[in-house]
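S.K.:
In the numbering used here, the protein residues as written are 6 to 131.
Given below as structure tokens:
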């Protein structure tokens, strides 16, 4: 039985989505060329990853002549939120507070940074 696809992005999917976010919309060839500027990747790999992104709901496409033009369905912010929600759910029992405590314990963030972040979040939602 095939395993259920992960709702979060793999490293390869993240790279392809980053290219799509930057290009706004692109053919497989456009994405392939953009990615090859950073790291060599096969055209068929890009095609496969774009199909997976479509199946996961991150990208959609339209047909133009013989080419498929892909475009992001989710913004970078929405994708980050989806990934963070998955992380909090899987590793912190659904508690953002537990994640924040973990970051403070690891010295990855301090209390003043958390307070500033909370203020910024409150300002953007108001």
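Where a beta carbon is used, it is the ideal one built from N, C-alpha and C, also for glycine.
#1: Taking all protein chains shown into account, do 16 or more other C-beta atoms lie within 10 angstroms of the C-beta of residue 89, making it buried, or fewer, making it exposed?
#2: How many angstroms separate the CA atom of residue 55 from the CA atom of residue 91?
#3: Mark residue 43 as exposed unless 16 or more other C-beta atoms lie within 10 angstroms of its C-beta, in which case mark it buried.
#4: For the candidate residues 26, 69, 117, 95, whose alpha-carbon lies nearest to that of residue 82?
#5: Evaluate contact between the segment 13 to 27 and the segment 55 to 75, counting only Cβ atoms and requiring at least three cross-stretch pairs below 8 Å.
#6: Which word fits residue 101, buried or exposed, when buried means at least 16 other C-beta atoms lie within 10 angstroms of its C-beta?
#7: So does the segment 63 to 75 actually touch the segment 106 to 117, counting three or more Cβ pairs closer than 8 Å?
#8: Quick one: Cα of residue 77 to Cα of residue 46, how far?
#9: What are the residues that DSSP puts in a beta bridge with residue 73?
#10: Within 10 angstroms of the Cβ of residue 20, are there 16 or more other Cβ atoms? Answer buried if so, exposed if not.
M.R.: Answer, in terms of the structure:
#1: Counting from 1 along the chain shown, the entry for residue 89 is found at position 84. It is exposed - the Cβ of residue 89 has fewer than 16 other Cβ atoms within 10 Å.
#2: Walking along the chain shown from the start, residue 55 turns up at place 50. Walking along the chain shown from the start, residue 91 turns up at place 86. Cα to Cα, the separation comes out at about 22 Å.
#3: The residue given as residue 43 occupies position 38 in the chain shown. It is exposed - the Cβ of residue 43 has fewer than 16 other Cβ atoms within 10 Å.
#4: Your numbering for residue 82 matches position 77 in the chain shown. Among 26, 69, 117, 95, the Cα nearest to that of residue 82 is on 26.
#5: yes
#6: The sequence position of residue 101 within the chain shown is 96, counting from 1. Exposed is the call here.
#7: The answer is no - the segment 106 to 117 does not touch the segment 63 to 75, with fewer than three Cβ pairs under 8 Å.
#8: Position 72 of the chain shown, counted from the start, is the residue given in the question as residue 77. Position 41 of the chain shown, counted from the start, is the residue given in the question as residue 46. Taking the straight line from one Cα to the other gives about 20 Å.
#9: Translated into positions along the chain shown, residue 73 becomes position 68. Bridge partners of residue 73: 68.
#10: Here residue 20 refers to the residue found at position 15 when the chain shown is read from its first residue. Buried is the call here.
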